[in-house]
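This note's numbering runs 497 ahead of the 1-based position in the sequence shown.
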Amino acid sequence: MGVPEVSAAATALTDARGLLVKLQQSTLAEEHRSLVHRVMEVVSDAILRLFAVDSALFGLQEENTILQSKLDAAEDLERRIGQYEIHQTAAGATVYRYRYLPQYYACPRCTESSQQIHILQPMEDHRRGDYRCPGCSESYPFEQRDCVPLTATPTVQLGETVPE
Ligand SMILES: [Zn+2]
Numbered sequence: 498m499g500v501p502e503v504s505a506a507a508t509a510l511t512d513a514r515g516l517l518v519k520l521q522q523s524t525l526a527e528e529h530r531s532l533v534h535r536v537m538e539v540v541s542d543a544i545l546r547l548f549a550v551d552s553a554l555f556g557l558q559e560e561n562t563i564l565q566s567k568l569d570a571a572e573d574l575e576r577r578i579g580q581y582e583i584h585q586t587a588a589g590a591t592v593y594r595y596r597y598l599p600q601y602y603a604c605p606r607c608t609e610s611s612q613q614i615h616i617l618q619p620m621e622d623h624r625r626g627d628y629r630c631p632g633c634s635e636s637y638p639f640e641q642r643d644c645v646p647l648t649a650t651p652t653v654q655l656g657e658t659v660p661e
């Protein structure tokens with residue numbers, strides 16, 4: 498028995514059945530003996546139903562424990578995500594930025610898909626300015642790149658002033 502109230506009710510009914518057994522063993526008129534027998538059947542049925550209720554309650558308690566655990570995890574993630582804000586990098590990538598110090602960035606892809614916060618890490622020298630997620634390996638450009646080759650002469654669009 499998992500729930501104390503159900504256990505107490507089953508004990509009370511078992512006691513009542515015991516009393517009915519004593520009553521049945523005493524000298525009774527046949528019509529009373531038949532009534533006692535019927536009451537015993539009702540009490541026995543009630544006890545069986547209480548066991549079924551207890552079993553169902555036990556299942557619900559287990560389910561509740563699992564759901565509570567999931568709710569706690571979801572609330573914890575929500576609290577942690579609340580410490581970040583959406584940030585667009587100079588290169589146009591969208592990442593999560595930690596609101597406090599020290600400031601760092603997190604992968605929005607992992608946060609959305611696997612509900613895990615992975616802190617972005619700077620990439621190797623040849624991709625300086627980019628950050629990579631250690632969770633999903635997605636890279637995020639942070640610095641705007643000058644696409645004009647160093648050897649080329651920059652072209653000037655109409656209306657632009659030539660930098661000195
Ligand atoms: Zn990621």
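Ideal placement from N, C-alpha and C gives every residue a C-beta, glycine not left out.
- Less than 7 Å separating the beta-carbons of Tyr601 and Tyr595? yes
- Query: Does the beta-carbon of Leu516 have 16 or more other beta-carbons within 10 angstroms, so that it is buried, or is it exposed?
  - Reply: exposed
- Report the residue ranges of all alpha helix (DSSP H) runs contained in full by the region 585-614; include only those spanning at least 4 residues, in chain order. 605-610
- Query: Is any heavy atom in ligand 1 found nearer than 6 Å to the beta carbon of His615?
  - Reply: Answer for His615: yes, Cβ within range of ligand 1.
- Item | Arg625: first and last residue of the uninterrupted beta strand (DSSP E) it sits in | Arg625 -> no beta strand (DSSP E), and no H or E assigned at all.
- Query: Of the choices Gly632, Ser636, Pro605 and Ala509, whose alpha-carbon is the least far from that of Arg577?
  - Reply: Pro605
- What number of angstroms, rounded off, separates the C-alpha of Ser552 from the C-alpha of Leu545? 11 Å
- Have a look at Ala570 and Ser541 and give me their C-alpha separation to the nearest angstrom. 44 Å
- Item | Top-ranked residue by Cα proximity to Val500, from Leu510, Phe555, Thr511 and Arg514 | Phe555
- Message: Taking 6 Å as the cut-off, is the beta-carbon of Glu572 closer than that to any non-hydrogen atom of ligand 1?
- Response: no
- Could you give the residue range of the beta strand (DSSP E) that holds Pro638? Here the beta strand (DSSP E) through Pro638 covers Ser636 to Pro638.
- Query: Can you tell me the Cα-Cα spacing of Ser566 and Asp573, whole angstroms?
  - Reply: Going by C-alpha positions, Ser566 is about 11 Å away from Asp573.
- Message: For Met620 and Arg629, I'd like the C-alpha separation in whole angstroms.
- Response: 6 Å
- Report whether the distance from the Cβ of Glu635 to the nearest heavy atom of ligand 1 is below 6 Å. yes
- Item | Contact under 7 Å by Cβ, Ser634 with Asp627 | Not a contact, by the Cβ cut-off of 7 Å.
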